[in-house]
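Structure record follows, encoded as structure tokens.
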Amino acid sequence: MAEAHEALAEQFEEMPQQTEASLLGMWTFLATEILFFGAMFLGYIVYRSTYPEAFAEAGRHTLILYGSVNTAILLTSSFTMSLAIDSAQRGRNRPLLGFLLLTILLGCGFLLVKGLEYSEDIHEHLVPGAHFTKELSAPGQMFWVLYWIMTGVHSLHLIIGVGVLAVVAWMAWGGKFSEYYHNPVLISGLYWHFVDVIWVWLYAFIYLINRH
Amino acid sequence: MNATLPQTETEFTRTRGRVPSYFEEGGRTVGSWLLTTDHKRIGILYLYSILFYFTIAAIAAAIIRLELITPQGDLVSAETYNKLFTIHGTLMVWFFLIPSIPSVLGNFVIPLMIGAKDLAFPRLNLLSWYLFNIGGLIALYAVAIGGVDTGWTFYTPYSSAFTNSHVVTMVAGVFIAGFSSILTGVNFIVTIHKLRAPGLTWFKMPIFLWSNYATSVILVMATPVLAMTLVLLSIERIWGVGVFDPKLGGDPVLFQHLFWFYSHPAVYIMILPGMGVVSELVTCFARKPIFGYHFVAFASVAIALIGFVVWGHHMFTAGTSIYSGLFFSLMSYLVAVPSAIKVFNWTMTLYRGRIFLTTPMLYALGFIGLFTIGGLTGLFVAALAIDVHVTDTYFIVAHFHYIMVGGMVTGFLGGLHYWWPKITGRLYPENLGRLSALIIFIGFNLTFFPQYIMGYLGMVRRYHSYAPEFQIYHVMSSAGASILGVGYILPLIYLIWSLKHGKKAPANPWNATGLEWQTTSPPPKHNFIETPVVTREPYQYSPEVEERMIYG
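Protein sequence lines correspond, in order, to chains C and B. Here the first sequence is numbered in my numbering, starting from 1382 and rising by one per residue. Here the second sequence is numbered in my numbering, starting from 4 and rising by one per residue.
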């Protein structure tokens, strides 16, 4: 073992132990996240099975083009994130920085498209409350309550993800990473993939079920 | 930095001839505490914090008990009474009981017990403490601007559509404190997996580690569900859109499902760590290895896992189906099995042990008795027919106080006394300790046992006035509460006294096994001069040969 690396925290004996701890920590945190989203998905499933027709009708008002474009953007971003992790593991700094920036860009692209979709939703009176569209029933309005909460919480996670990746990219730019030390890339990548996977579920639940 | 203290560890060691303790290294300034990442200091920060919230919640309880001395509602109005029991419940559950043993004793002891320098994520640990207090202060702010009258359960639609009290503010406080729980859970899980000293295999770990591990799994897996439930509740309340409100197509029972999916496992957050402490105390003061180590260890895990599938027993009268009732009733009986395994194993550990009735041991024995009563009455209410009869009565109140106060608080005090010499480097006065353990035991039983009787006779909970025939039980209960109060104030006084005037503690005053006793009292900042190597099973005590112990 060479002399202690500056990034090796004092409570660890060696870097592999620190890496394992970071990864286990992130996986444990993602277990929390699954349950966090799980509560919403449960609510959605309960109400969807209580009001199948109203939910199907309300679901047909969602804008599937935006949803599909965003699915493509986010899946691509997971691909570029994987490439970033691969570059980090090989200790190749410039590609690492490039792929991180590309991932951030795709994340921002997702948020932009989501913003456009939200503004159209608002325009269509699909915001629950006093001005909600008269075309849909009360249970239909509940679909839209859940739509805003679920996609909203997801977007919040994505904004956090972009912020985290920005910090990691800044660290990469400062030459902090090497083959030996690149934990932040690994764990932010795990988080990013998780947010992506959640979107895949949201896409199926919100845009696809009973579309026709 | 304090100028009178030597600046560096080496300088300290040279001038004083010993390694500086965690109090000394880094200085004694306020900044050195508020920015510390040392798990031992953070444990102490938590101790101060939970004492603060406990005091407020205890004052609320005192006013409640005063009000209930007479059948008329004469001291406070019904509305104020509702706010008082909400303050009491909310603060006691989220800001005292849940962090009590894990965040104070666990924080301090876990790295020492596994022979590590710190937790896996020290900065995250400090962040947990800050989140905890931000949440706590927001909850107190909600109390200060008028309080909340929903009870700690925040049942919808009352909480979202009807009450005029400050539900959203209170819920925000609980939400933020929840993240503190989650981060602590993540930290403990990773620490126990990855930072164990060489040779410390899973089955050489003291039971306290197993029970904190099981607790952490619940913290990580249950808390997020509560967090999301509170978000949904707040959205419904702020924007008046339908999530749980039946008028808008929602289902209030869904709220109850989600709430108890967290809050029943949370009951096990509030007892498993206490069980861990008792396992340490019983072995040390009976001078025997724990009986059936593997069973006790796996019982913690079993309680945590089965604890996730019993939540429906809070809703037997909420209109859930008979099949759901059957399932949850059966599961609730099942969770009694690992609990009973623990009680029987502690008892078998005592059998033919060399028993020392020290303060921690008195608390441990109190725990076993009170937990048994609380657990057995839990079986009564797990039975569908009896539950219908006693739901929302003082029988339930007595049941969960036997677990949470008789169990967890007793375990916490036992553990605090046990590790006090390690934490502070001072011994507390043993006779006063024993006296207070006795006072608490008597006061507790006098407070809560009458509540079983009046609850069974039909005294409904959460009312500030009641039928005169229950007065005798309420008077007994209030009298017991005042004794209990004395029992809590006494340790507060002599423990603080001991910080300055207590005898200096040796490294291992109890002659106990366990890595935490192999380092100095109080330990140095990095816990051990050299990383310990573990070769023996835990609890290698032998009652036959040990005639002496205690204070060397």
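Glycine included, every Cβ here is placed at the ideal spot set by N, Cα and C.
Beta carbon proximity, residue i to chain C, threshold 9 Å
i                 : result
Leu54 of chain B  : no
Trp242 of chain B : yes
Lys345 of chain B : no
Phe135 of chain B : no
Pro227 of chain B : yes
Ala230 of chain B : yes
Met273 of chain B : no
Asn434 of chain B : no
Trp132 of chain B : no
Leu257 of chain B : yes
Supposed close pair residue i, residue j - CB separation, criterion 8 Å
i                  : j                  : result
Ser282 of chain B  : Ile210 of chain B  : 4 Å
Leu94 of chain B   : Ile59 of chain B   : 6 Å
Leu134 of chain B  : Ser183 of chain B  : 4 Å
Met1396 of chain C : Leu1389 of chain C : 6 Å
Ile241 of chain B  : Val171 of chain B  : 6 Å
Val1545 of chain C : Tyr1572 of chain C : 7 Å
Pro512 of chain B  : Ser439 of chain B  : Incorrect: roughly 19 Å between the Cβ atoms, too far for contact.
Gly428 of chain B  : Pro525 of chain B  : 4 Å
Glu1414 of chain C : Pro249 of chain B  : With 8 Å as the limit, Glu1414 of chain C and Pro249 of chain B do not qualify as a contact, their Cβ atoms being about 30 Å apart.
Length of the line joining the Cα atoms of residue i and residue j
i                  : j                  : result
Glu1560 of chain C : Thr40 of chain B   : 28 Å
Leu1444 of chain C : Glu239 of chain B  : 25 Å
Met116 of chain B  : Thr523 of chain B  : 13 Å
Phe1558 of chain C : Gly1472 of chain C : 7 Å
His196 of chain B  : Thr516 of chain B  : 21 Å
Val537 of chain B  : Met1421 of chain C : 46 Å
Leu472 of chain B  : Gly76 of chain B   : Per the sequence presented here, residue 472 of chain B reads as Glu, with Leu not at that position. C-alpha separation (whole angstroms): 15 Å.
Ser303 of chain B  : Tyr296 of chain B  : 11 Å
Thr352 of chain B  : Ser1463 of chain C : 54 Å
Ile1485 of chain C : Ser1536 of chain C : 14 Å
Gln1392 of chain C : Tyr469 of chain B  : 58 Å
Lys506 of chain B  : Pro292 of chain B  : 29 Å
Glu1401 of chain C : Val489 of chain B  : 49 Å
Lys1495 of chain C : His1504 of chain C : 14 Å
Boundaries of the alpha helix (DSSP H) in which residue i is found, first to last residue
i                  : result
Trp1580 of chain C : Asn1564 to Leu1583
Asn1474 of chain C : Asn1474 to His1504
Gln454 of chain B  : Glu433 to Leu460
Tyr491 of chain B  : Gln474 to His504
Phe57 of chain B   : His42 to Glu70
Thr1431 of chain C : Met1396 to Thr1431
Leu127 of chain B  : Pro125 to Ala147
Ser282 of chain B  : Leu275 to Ala289
Gly1448 of chain C : Ile1445 to Gln1470
Ile104 of chain B  : Run containing Ile104 of chain B: none; DSSP gives neither H nor E here.
Ser1549 of chain C : Checking the displayed sequence, the identity of residue 1549 of chain C turns out to be Val instead of Ser. From DSSP, the alpha helix (DSSP H) with Val1549 of chain C extends over Ala1519 to Trp1554.
Within 9 Å, strictly: CB atoms of residue i and residue j
i                  : j                  : result
Gly118 of chain B  : Thr534 of chain B  : yes
Leu435 of chain B  : Met364 of chain B  : no
Pro453 of chain B  : Ser480 of chain B  : yes
Leu212 of chain B  : Val177 of chain B  : no
Phe374 of chain B  : Val270 of chain B  : no
Cys287 of chain B  : Tyr497 of chain B  : no
Thr194 of chain B  : Ile272 of chain B  : no
Met334 of chain B  : Thr396 of chain B  : no
Tyr1428 of chain C : Pro1520 of chain C : yes
Val107 of chain B  : Tyr25 of chain B   : no
Arg290 of chain B  : Gly377 of chain B  : no
Leu1 of chain B    : Val189 of chain B  : Residue coverage of chain B in this structure runs from 4 to 555, which leaves residue 1 of chain B outside it and unanswerable.
Ile1466 of chain C : Leu1539 of chain C : no
Trp423 of chain B  : Tyr431 of chain B  : yes
CB contact below 9 Å: residue i versus chain B
i                  : result
Gln1398 of chain C : yes
Glu1401 of chain C : yes
Pro1509 of chain C : yes
Leu1416 of chain C : yes
Glu1394 of chain C : yes
Glu1366 of chain C : Residue 1366 of chain C cannot be examined here, being either before or after the span of chain C that is shown, 1382 to 1593.
Ala1571 of chain C : Note on residue identity: the sequence assigns Leu, not Ala, to residue 1571 of chain C. Not closer than 9 Å to any Cβ of chain B, the Cβ of Leu1571 of chain C fails to qualify, so no.
Gln1470 of chain C : no
Tyr1344 of chain C : Since the first residue of chain C shown is 1382 and the last is 1593, residue 1344 of chain C is not available in this structure.
Ala1550 of chain C : no
Phe1410 of chain C : yes
Val1566 of chain C : no
Thr1514 of chain C : no
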